[in-house]
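Sequential numbering of the sequence shown, starting at 514, is according to our numbering.
From the three backbone atoms N, C-alpha and C, an ideal C-beta is built for every residue, glycine too.
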Amino acid sequence: MTTRRLRSAKIVATLGPSSSTPQRIRDLFEAGVDVFRLNFSHGTHKDHQDRFTAIRQIESATGRPIGILADL
Numbered sequence: 514m515t516t517r518r519l520r521s522a523k524i525v526a527t528l529g530p531s532s533s534t535p536q537r538i539r540d541l542f543e544a545g546v547d548v549f550r551l552n553f554s555h556g557t558h559k560d561h562q563d564r565f566t567a568i569r570q571i572e573s574a575t576g577r578p579i580g581i582l583a584d585l
């Protein structure tokens, strides 16, 4: 399994209330998302921790790196 993608551009997806379940995050990743953006202007610390944990679990399960962008 390769850890690099063949394209040069990166796809960034902002996670929000309707896109924060582990299954939705995995679906987005499998559809081609390279980086997930967490907007710290909205949501609680727990919301962001749950999203972060889900992303890292998916990264571990797939063996492919996933970027996280923290928008403060």
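Per-residue DSSP class, three states only, for residue i
{"i": "Ala589", "result": "The structure shown does not extend to residue 589, since the chain spans only 514 to 585, so no value can be given for it."}
{"i": "Asp584", "result": "strand"}
{"i": "Ala574", "result": "helix"}
{"i": "Leu519", "result": "coil"}
Beta-carbon contacts of residue i that lie in its chain and below 8 Å, excluding the five residues immediately before and after
{"i": "Asp634", "result": "Nothing about residue 634 can be reported from this structure: the residues present for the chain run from 514 to 585 only."}
Residue range of the unbroken beta strand (DSSP E) whose run includes residue i
{"i": "Leu551", "result": "Val548 to Asn552"}
Residue i versus residue j: straight-line alpha-carbon distance, rounded
{"i": "Thr566", "j": "Ser573", "result": "11 Å"}
{"i": "Asn552", "j": "His558", "result": "11 Å"}
{"i": "Gly576", "j": "His561", "result": "22 Å"}
{"i": "Gln536", "j": "Ser554", "result": "24 Å"}
{"i": "Arg539", "j": "Ile571", "result": "7 Å"}
{"i": "Arg520", "j": "Ala544", "result": "14 Å"}
{"i": "Ser533", "j": "Arg564", "result": "6 Å"}
Residues near residue i by beta carbon distance below 6 Å, same chain, minus five either side
{"i": "Arg550", "result": "Val525, Thr527, Leu582 and Asp584"}
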